[in-house]
Amino acid sequence: MRPGGGVDGCKDKGNPPATGHRGDDRDAPSPSSPFPSPEGSSEDEQQQHPEVSLPEDAIVEILSRVPYRSLRRFKCVSKAWLALCSAPDIRRRSPQTLSGFFHFTTDGLKFHNLSGRGPPMVDPSLPFLRERFKLVTVEQCCSSLLLCQCVSEGQEYDYVVCNPATERWVVLPPIVLPDGRLFEFYEGNIFLGFDTAAASRFVVFAPLADYCYEFQEVAIYSSETGRWTSVQSDWGFGTILVGNPECVFLNGVMHLTTHYSASVVTVDNELKVWRKIRMPDITASSYGNAIASIGHSQGCLHAWWIDNHHDYQLYVWVLEDYDTGKWILRHTVNVLELFGRHRRKGTEFYKMFAIHPECDLIFLTDGEKMTVSYDMDNQKVNVISTSKEFLDGLPYTPCFVE
Numbered sequence: 058m059r060p061g062g063g064v065d066g067c068k069d070k071g072n073p074p075a076t077g078h079r080g081d082d083r084d085a086p087s088p089s090s091p092f093p094s095p096e097g098s099s100e101d102e103q104q105q106h107p108e109v110s111l112p113e114d115a116i117v118e119i120l121s122r123v124p125y126r127s128l129r130r131f132k133c134v135s136k137a138w139l140a141l142c143s144a145p146d147i148r149r150r151s152p153q154t155l156s157g158f159f160h161f162t163t164d165g166l167k168f169h170n171l172s173g174r175g176p177p178m179v180d181p182s183l184p185f186l187r188e189r190f191k192l193v194t195v196e197q198c199c200s201s202l203l204l205c206q207c208v209s210e211g212q213e214y215d216y217v218v219c220n221p222a223t224e225r226w227v228v229l230p231p232i233v234l235p236d237g238r239l240f241e242f243y244e245g246n247i248f249l250g251f252d253t254a255a256a257s258r259f260v261v262f263a264p265l266a267d268y269c270y271e272f273q274e275v276a277i278y279s280s281e282t283g284r285w286t287s288v289q290s291d292w293g294f295g296t297i298l299v300g301n302p303e304c305v306f307l308n309g310v311m312h313l314t315t316h317y318s319a320s321v322v323t324v325d326n327e328l329k330v331w332r333k334i335r336m337p338d339i340t341a342s343s344y345g346n347a348i349a350s351i352g353h354s355q356g357c358l359h360a361w362w363i364d365n366h367h368d369y370q371l372y373v374w375v376l377e378d379y380d381t382g383k384w385i386l387r388h389t390v391n392v393l394e395l396f397g398r399h400r401r402k403g404t405e406f407y408k409m410f411a412i413h414p415e416c417d418l419i420f421l422t423d424g425e426k427m428t429v430s431y432d433m434d435n436q437k438v439n440v441i442s443t444s445k446e447f448l449d450g451l452p453y454t455p456c457f458v459e
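For the sequence shown, my numbering gives the first residue as 58, with consecutive numbering after it.
Given below as structure tokens:
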């Protein structure tokens, strides 16, 4: 679902066909067809609106290409449309977009719909996991899948990858080191990779830390093989990762941010191609020790940073070339203006926490009570929430492929 309630970031291209429904039983569509019958219409109407006849396969193919939000609207046309648009095959193939954000409150995990209307698309309490585990903590959301740390009744914990839309889940096996010892995951340094283009597979990266928290080796779990493999890291000495959720899985490559060296390190899901890319130069802001955040939009890696100590300027870059590490400044704006303020108030600490995966829409918070979206193309601001509950979140795009 694209943002609603005035947040018009990505255009919804799906529109339901005209039905000509007149509130008459004779005009209701037959159970075998989602299209209305012209029976009972006047001769002039039939000439202006000739009967539509399409093979069922063609109808399924058309609807499977309709954005999911439009597909949900189509269900309101008639009972026949409801049945057709609810078909699992169509729903699985329907293209998805950003639906909302998982976020944390004092009452636990919640879900904020971008549409601003109706119940959440998924149950944020994850009841299918709580039947097995007494405590479930969401560590990361990668597109459509969640990486959770789950504690059982015996106080043992497992890492679980789940799909909230289908309620399918997998417990990750332990990593066994060459000497037979079990590897203890360093909290925050386990990273999920998932691409809806290859929805039958996910990967999990686990950099293996030494006592100084430097990563000499990286293990990877593949859902295809159901096991871990590991190789020596090629990122070089002194690589200390920032940790979740500062990670991006894009085009089969995991991107991770680092402390101190102000760089992005990458490795592909075959553990063969390793890179270390310098972050955009932000030393001109006279606060060069800052760490930029990363995300992906429209198939490109983006980085952003807000100068909360001087002029409250937001910088958004896009990586133009991996080989040269060249970044292009995509946009810059004063954050105070986005929130309609002339100066910072109290303990506000402005943060951009997400970018829309399909368009130039970004999401920011003042850390106090307000969350907004900002369209970098038309420079429009929309208030998403004025509740203290939703000040940050993990972007979620549903996927109904099991």
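For each residue, glycine too, the CB sits at the ideal point set by N, CA and C.
| Asked | Found |
| --- | --- |
| Residue range of the beta strand (DSSP E) that residue 451 falls in? | 451-453 |
| Alpha carbons only, please: which of 356, 158, 172 is nearest the one belonging to residue 464? | Only positions 58 to 459 of the chain appear in the structure, and residue 464 is not among them; the question remains open. |
| Quick check on the DSSP output: the beta strand (DSSP E) that includes residue 203 runs from which residue to which? | 202-208 |
| CB-CB under 6 Å to residue 94, same chain, minus the five flanking residues each way: which ones, in chain order? | Confidence at residue 94 is low in this model, with a pLDDT of 44, below 50, so the placement of that residue should be treated as unreliable; the coordinate-derived value is given next. Closer than 6 Å at the Cβ level, and outside the excluded window around residue 94, lies no residue. |
| State the Cα-Cα distance for the pair residue 393 and residue 143, rounded to the nearest angstrom. | 44 Å |
| Taking the straight line between their C-alpha atoms, what separation do you get for residue 92 and residue 133? | Unreliable positioning characterises residue 92 in this predicted model, as indicated by a pLDDT of 44, which lies under 50. The coordinate reading is nonetheless provided below. Going from the Cα of residue 92 to the Cα of residue 133 covers about 13 Å. |
| According to DSSP, is residue 380 part of a helix, a strand, or is it coil? | coil |
| DSSP puts residue 309 in a beta bridge; with which residues? | DSSP lists no partner for residue 309. |
| Around the C-beta of residue 220, are 16 or more other C-beta atoms found within 10 angstroms, so that it is buried, or is it exposed? | buried |
| So, at 6 Å on beta carbons, what are the nonlocal neighbours of residue 232 in its own chain, with the 5 sequence-adjacent residues on each side left out? | 240, 276, 285 |
| Please give the ranges of any beta strand (DSSP E) in the region 157-219, keeping only runs that are unbroken, at least 3 residues long and fully inside the region. | 157-162, 165-170, 192-199, 202-208 |
| Determine the closest residue to residue 158 out of 453, 457, 458, with distance taken between C-alpha atoms. | 453 |
| Please identify the residue among 410, 331, 314 whose C-alpha is closest to the C-alpha of residue 420. | 410 |
| Please state the DSSP three-state secondary structure of residue 408. | strand |
| Could you check which residue in 430, 111, 423, 422 has the C-alpha nearest to that of residue 416? | 430 |
| Specify, as a first and last residue, the run of the beta strand (DSSP E) that residue 137 falls within. | Run containing residue 137: none in the beta strand (DSSP E); it sits in the alpha helix (DSSP H), 136-142. |
| Going by Cα to Cα distance, which pick from 304, 362, 364, 290 is closest to residue 330? | 290 |
| By DSSP, does residue 280 sit in helix, in strand, or in coil? | coil |
| For the alpha helix (DSSP H) that residue 117 lies in, which residues bound it at each end? | 113-120 |
| From which residue to which residue does the alpha helix (DSSP H) around residue 448 run? | It is not in any alpha helix (DSSP H) - residue 448 carries neither H nor E in the DSSP assignment. |
| Is it buried or exposed for residue 385, if we count other Cβ within 10 angstroms and need 16 for buried? | exposed |
| Anyone know if the C-beta pair for residue 363 and residue 376 falls short of 8 Å? | no |
| Thinking just about the alpha-carbon of each residue, which of 321, 423, 327 is nearest to the one in residue 337? | 321 |
| On the three-state DSSP scale, how would you describe residue 457? | coil |
| Where do the ends of the alpha helix (DSSP H) carrying residue 322 lie? | Here residue 322 belongs to no alpha helix (DSSP H); instead the beta strand (DSSP E) covers 320-325. |
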